[in-house]
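Numbered continuously in my numbering, the sequence shown closes out at residue 384.
Built from N, CA and C at the ideal position, the CB exists for glycine as well.
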Amino acid sequence: MGAAAGRWAGPARGRDPPLPRLEAPGGPMNPADPRVAVVVVTWNGRGHLARCLPALAAQTWPAVEVVVADNGSTDGTVAWLAETWPAVRVLALGANLGFAEANNRAIRATDTRWVALLNNDTLPSPGWVAASMAAARADARIGAVASRMLFMDDPGTINSAGIAVDRAGIAWDRLGGAPAADGDAPAAVFGASAGAALYRRAALDDVAEPGPDGAPAVFDPRFFMYLEDVDLAWRLQLRGWRCAYAPEARVLHHGSASAGEGSAFKNRLLARNKVWTVVKNYPAGPLLAWCPAIVAYDLGSAPYRLLFQGQTAAVRGRIDALAGLGPVLRQRRRIQARRTATWAEVSLGLEPLASPWGVLRRYRHLARRRGDGPRAVSDSSADA
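Listed below in C-alpha cells is the structure:
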C-alpha cells in the first residue's frame, strides 16, 4: 500500500505503475498509526497467491500493506506480482532462504507498529486483520495474536487455535482436529502459529536476536522452517509478553503447501529445531528438573519413527541438533540474561505432560492429511 493511499487498491486495472517501496524503519513510530503490514512468504506459490491476495485486498481494516517475500521462485511469481498486483511490495530474495529468514527480512523492511504473518496457502476472512487488532489492542502487554485456522478442505475442523506447549517442551497446534465450534471462546495461549498471526512491533523488537549478519532477527535463521514460531513464543513469554487467541480472526489453511506433512525433510527439521528450542529457552532450574522427561520423550519418539514408520529423519535431526549446539548455547546465554518473567509465570501457560499415546493423538488431525510435497518453504508448523 502506498503512503498516499487510504486502502490497498488490490490488483492492477490496466497499466497502473508500481507504488514506491518503503524504506527500512528508522526513527520513532506514531503510537496512533493504524497501519498493519501483512507479510506473505512464498516459494513457487503463484497459484496460492492468486487466491490469497484477493482475500487480503478484501480486508475490512482500513490500512493494510502487503509485502510478499519471494524465496527464489522459478514459476514467474515475481514478474506476475509486478504485472498483476502493483500495490504489493515484493522482496525478491533470489534464493530459498527459508521461512524464518524470509520473514526476518520482510519484517525489517516494514515500518508499521503492527506486523501480521500469513502463509501463502491461506484464505483469511474479510475481518481477519480487524479481529486480530481488536484482540491486540485490548491489553498493552499482548505481543502476539493467534488466529482460528481451519482446514480449507474441511472448514468444520480446526487446524490451529494457537500454539500449546507442555513441560517437556513438546509443542502442537492447540485444538488441532477439534470441531470449529470448540474454538469459539477467546483465550490466553502460549503462542501464535506464524501461519496466521499478528505481532506488536515493540514485542518483536524486544525479543529479536542478532542474526548471522548482525541484523536483528525475529526468527532464528538457522531453523530454516518449522518451530521458529514456537521459539519466538518462548522468547516473548520469557520477556513477559502475552499471546491472545482471537476466534473471530478466521483463516482457511490448505496446509503443508510447500513441504509435505510427513516428509523426511520436515521431520528432520522438526527433530533438530525442537532440541534447539528447549536448550535456548528453558531456564537452568526447570531444564534440570524436567530433563529426564524431556530426554525420555525425545528418546522414545525417535525409535518409534524409525521402527514403526521407517523414518531415519528424526534420528538425523537429533544428530544435527547436537552438532549445532555451539551457537545455540551462545543464544541461550543472551536469552536467559534478558529474562524478566519468572518460571512460575511462564509455566502457567504450559500444558501438563501427556502419556505417549496422548502425544500421538495431538497430531492425528495432521496424519490424516499427510502427503508428499516439494522441499520448499512457505509453511510454519508447531507439531513437534
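Taking 6 Å as the limit between beta carbons, can you name the residues of its chain near Ala-82, skipping five residues before and five after?
none
Measure the C-alpha to C-alpha separation of Tyr-315 and Trp-343 and round it to an integer number of angstroms.
The identity of residue 315 in the sequence shown is Val, whereas the question assumes Tyr. Each residue's alpha carbon lies about 30 Å from the other.
Spatial neighbours of Thr-60 within its chain, please: CB distance less than 7 Å, with the 5 preceding and 5 following residues excluded, ordered by chain position.
Pro-126, Gly-127, Ala-130
With DSSP run on the structure shown, which of helix, strand or coil describes Ala-259?
For Ala-259, the predicted structure reports a pLDDT of 47, less than 50, and the residue's modelled location is therefore unreliable. A value from the coordinates is still provided. Reduced to three states, the DSSP call for Ala-259 is coil.
Note down the Cα distance separating Arg-242 from Tyr-199, rounded to an integer number of angstroms.
Cα to Cα, the separation comes out at about 11 Å.
Pick helix, strand or coil for Arg-268, following the three-state DSSP scheme.
helix
Let me know the secondary structure DSSP gives Arg-174 once reduced to three states.
coil
Please list, in chain order, all residues of the same chain as Ala-106 whose beta carbon is under 6 Å from its beta carbon, the five residues on each side excluded.
Val-39, Val-67, Ala-69, Leu-91
Close-in-space but distant-in-sequence residues of the same chain around Leu-269 (CB under 7 Å, 5 per side omitted)
Contacts found: Phe-224, Met-225, Tyr-226, Gly-317.
Who pairs with Cys-291 in a beta bridge, going by DSSP?
DSSP, once it has assigned bridges, lists no residue as partnering Cys-291.
The region 185-198 / the region 232-241 touching (three or more Cβ pairs under 8 Å)
yes
Option in Val-278, Ile-335, Ser-160, Ile-163 with minimal Cα separation from Gly-240
Ile-335
Sorted by chain position, which residues of the same chain lie with C-beta nearer than 6 Å to Pro-221's C-beta, five sequence neighbours on each side aside?
Within the same chain, Pro-221 has close Cβ partners Ala-100, Glu-101, Gly-211.
Would DSSP call Asp-298 helix, strand or coil?
DSSP places Asp-298 in helix when its eight states are reduced to three.
Name the DSSP bridge partner or partners of His-253?
Per DSSP, the beta bridge partners of His-253 are Thr-122, Phe-151.
What is the rounded straight-line gap between the Cα of Gly-169 and the Cα of Val-278?
6 Å
For Ala-385, which residues in the same chain have their Cβ closer than 6 Å to its Cβ, ignoring the five residues on either side in sequence?
Outside the displayed range of the chain (1 to 384) lies residue 385, so it cannot be described from this structure.
If you run the structure through DSSP and keep just helix, strand and coil, what is Gly-371?
Unreliable positioning characterises Gly-371 in this predicted model, as indicated by a pLDDT of 38, which lies under 50. The coordinate reading is nonetheless provided below. The answer is coil: DSSP assigns Gly-371 none of H, G, I, E or B.
Length of the line joining the Cα atoms of Leu-49 and Asn-120
6 Å
Neighbour-count burial assignment, Asn-44, 16 or more Cβ in a 10 Å radius:
buried
Output the residue ranges of the alpha helix (DSSP H) runs that lie fully inside the region 190-239 and measure 4 residues or longer, sorted by chain position.
Unbroken alpha helix (DSSP H) stretches of 4 residues or longer found wholly inside the region 190-239: 201-207, 228-238, given in chain order.
In DSSP terms, what Cys-243 is bridged to:
Ala-144, Val-189
Quick one: grab the DSSP three-state call for Asn-159.
strand
Pro-286 to Thr-84, Cα distance in whole Å?
52 Å
Along the chain, where does the beta strand (DSSP E) containing Arg-137 start, and where does it finish?
It is not in any beta strand (DSSP E) - Arg-137 carries neither H nor E in the DSSP assignment.
Reference Thr-42, options Pro-34, Arg-35, Gly-72, Val-36, closest by Cα
The residue among Pro-34, Arg-35, Gly-72, Val-36 with its C-alpha nearest the C-alpha of Thr-42 is Gly-72.
State buried or exposed for Pro-327, treating a residue as buried only when at least 16 other CB atoms are found within 10 Å of its CB.
exposed
Would you tell me roughly how many angstroms separate the C-alpha atoms of Ala-257 and Arg-167, rounded to the nearest one?
The predicted model places Ala-257 with a pLDDT of 43, which falls under 50 and marks its position as unreliable, so this point remains unresolved.
Element boundaries [alpha helix (DSSP H), containing Glu-351]
Looking at the DSSP string, Glu-351 is not in any alpha helix (DSSP H), and its letter there is neither H nor E.
What is the residue span of the alpha helix (DSSP H) that Leu-81 lies within?
77-84
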